[in-house]
Amino acid sequence: MECSTCRGAGSTKGVFFDIDCAACNASGWVDQSTGDALPLEDLVPQLNMKLRNVTAELNRARHSKGGAHEQYEQNNRRGAGGSNYTGD
64 MECSTCRGAG STKGVFFDID CAACNASGWV DQSTGDALPL EDLVPQLNMK
114 LRNVTAELNR ARHSKGGAHE QYEQNNRRGA GGSNYTGD
(Lines of atoms letter the chains of each structure in order from A and count residues from 1; the text may use other names and numbers.)
(Lines give C-alpha, C1' and ligand atoms only; values in the text may rest on other atoms or scores of the structure.)
Protein backbone atom coordinates (compact mmCIF):
# COMPACT_ATOMS: atom_id res chain seq x y z
CA MET A 1 0.00 0.00 0.00
CA GLU A 2 1.08 3.61 -0.37
CA CYS A 3 3.19 5.17 2.37
CA SER A 4 1.09 7.40 4.63
CA THR A 5 4.04 9.68 5.41
CA CYS A 6 4.82 10.74 1.83
CA ARG A 7 1.46 9.62 0.33
CA GLY A 8 3.25 7.43 -2.22
CA ALA A 9 5.54 10.15 -3.57
CA GLY A 10 8.75 8.78 -2.07
CA SER A 11 9.82 12.19 -0.80
CA THR A 12 8.63 14.83 1.63
CA LYS A 13 8.97 18.60 1.53
CA GLY A 14 11.92 19.97 3.44
CA VAL A 15 12.62 23.61 4.15
CA PHE A 16 14.63 24.18 0.96
CA PHE A 17 14.27 20.94 -1.05
CA ASP A 18 12.55 17.55 -1.15
CA ILE A 19 13.89 14.89 1.25
CA ASP A 20 13.75 11.13 0.63
CA CYS A 21 11.05 9.58 2.80
CA ALA A 22 12.60 7.55 5.62
CA ALA A 23 9.39 5.62 6.36
CA CYS A 24 9.35 3.85 2.97
CA ASN A 25 13.02 4.19 1.91
CA ALA A 26 11.94 6.63 -0.84
CA SER A 27 9.86 3.99 -2.66
CA GLY A 28 6.39 5.27 -1.76
CA TRP A 29 5.26 1.76 -0.77
CA VAL A 30 4.99 0.04 2.63
CA ASP A 31 3.85 -3.36 3.89
CA GLN A 32 0.09 -3.19 4.48
CA SER A 33 0.11 -5.30 7.66
CA THR A 34 3.16 -3.80 9.41
CA GLY A 35 3.60 -0.36 7.84
CA ASP A 36 7.32 -1.05 7.34
CA ALA A 37 9.20 -0.26 4.14
CA LEU A 38 9.01 -3.07 1.60
CA PRO A 39 12.21 -5.05 1.01
CA LEU A 40 13.56 -4.83 -2.55
CA GLU A 41 12.67 -8.45 -3.36
CA ASP A 42 9.00 -7.56 -2.71
CA LEU A 43 9.07 -4.01 -4.04
CA VAL A 44 10.45 -4.72 -7.52
CA PRO A 45 7.72 -7.21 -8.56
CA GLN A 46 4.99 -4.93 -7.16
CA LEU A 47 6.27 -1.91 -9.10
CA ASN A 48 6.68 -4.02 -12.22
CA MET A 49 3.06 -5.16 -11.97
CA LYS A 50 1.89 -1.56 -11.46
CA LEU A 51 3.93 -0.39 -14.47
CA ARG A 52 2.49 -3.13 -16.70
CA ASN A 53 -1.08 -2.19 -15.67
CA VAL A 54 -0.53 1.51 -16.40
CA THR A 55 1.16 0.73 -19.74
CA ALA A 56 -1.74 -1.52 -20.77
CA GLU A 57 -4.24 1.18 -19.78
CA LEU A 58 -2.40 3.80 -21.84
CA ASN A 59 -2.30 1.47 -24.85
CA ARG A 60 -6.05 0.83 -24.56
CA ALA A 61 -6.74 4.57 -24.36
CA ARG A 62 -4.48 5.27 -27.34
CA HIS A 63 -6.20 2.70 -29.55
CA SER A 64 -9.79 3.44 -28.54
CA LYS A 65 -12.12 5.18 -30.98
CA GLY A 66 -12.56 8.91 -30.69
CA GLY A 67 -9.38 9.57 -28.74
CA ALA A 68 -7.14 12.61 -29.12
CA HIS A 69 -4.96 10.74 -31.61
CA GLU A 70 -7.89 10.24 -33.96
CA GLN A 71 -8.87 13.90 -33.72
CA TYR A 72 -5.42 14.96 -34.95
CA GLU A 73 -5.43 12.42 -37.78
CA GLN A 74 -8.71 13.59 -39.32
CA ASN A 75 -9.09 16.42 -41.83
CA ASN A 76 -9.39 19.78 -40.08
CA ARG A 77 -11.27 21.61 -42.88
CA ARG A 78 -14.43 23.31 -41.65
CA GLY A 79 -17.02 25.66 -43.11
CA ALA A 80 -17.44 27.41 -46.43
CA GLY A 81 -14.30 27.72 -48.48
CA GLY A 82 -12.56 25.03 -46.44
CA SER A 83 -11.49 27.32 -43.64
CA ASN A 84 -9.08 25.75 -41.18
CA TYR A 85 -10.45 25.73 -37.63
CA THR A 86 -7.61 25.96 -35.11
CA GLY A 87 -9.63 26.34 -31.92
CA ASP A 88 -8.63 29.96 -31.28
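Residues 64 to 151 (my numbering) are what the sequence shown spells out, left to right. Glycine is no exception: its CB is placed at the ideal position from the N, C-alpha and C atoms. Please read all numbers here as calculations on a predicted model, not as lab measurements.
(1) Tell me which residue opens and which closes the beta strand (DSSP E) that Asp-81 is part of.
(2) From this set, Ser-90, Asn-122 and Ala-85, which residue's C-alpha is nearest Gln-109's C-alpha?
(3) Considering only DSSP beta bridges, list what Val-93 is partnered with.
(4) Going by other Cβ atoms of all chains shown within 10 Å of its Cβ, with 16 needed for buried, is Ala-85 buried or exposed?
(5) Just verifying my parser: in three-state terms, what is the DSSP assignment at Thr-68?
(6) Using the rule of at least 16 other Cβ atoms within 10 Å of the residue's Cβ for burial, across every protein chain shown, is Val-93 buried or exposed?
Reading off the structure:
(1) Per DSSP, the unbroken beta strand (DSSP E) holding Asp-81 starts and ends at 81 to 83.
(2) From the listed residues Ser-90, Asn-122 and Ala-85, the smallest Cα separation to Gln-109 is found for Ser-90.
(3) Within the DSSP secondary-structure output, Val-93 pairs in a beta bridge with Ala-100.
(4) Counting Cβ neighbours within 10 Å, Ala-85 comes out exposed, since fewer than 16 surround it.
(5) In the three-state DSSP reduction, Thr-68 falls in the coil class, being neither helix nor strand.
(6) So Val-93 ends up on the buried side.
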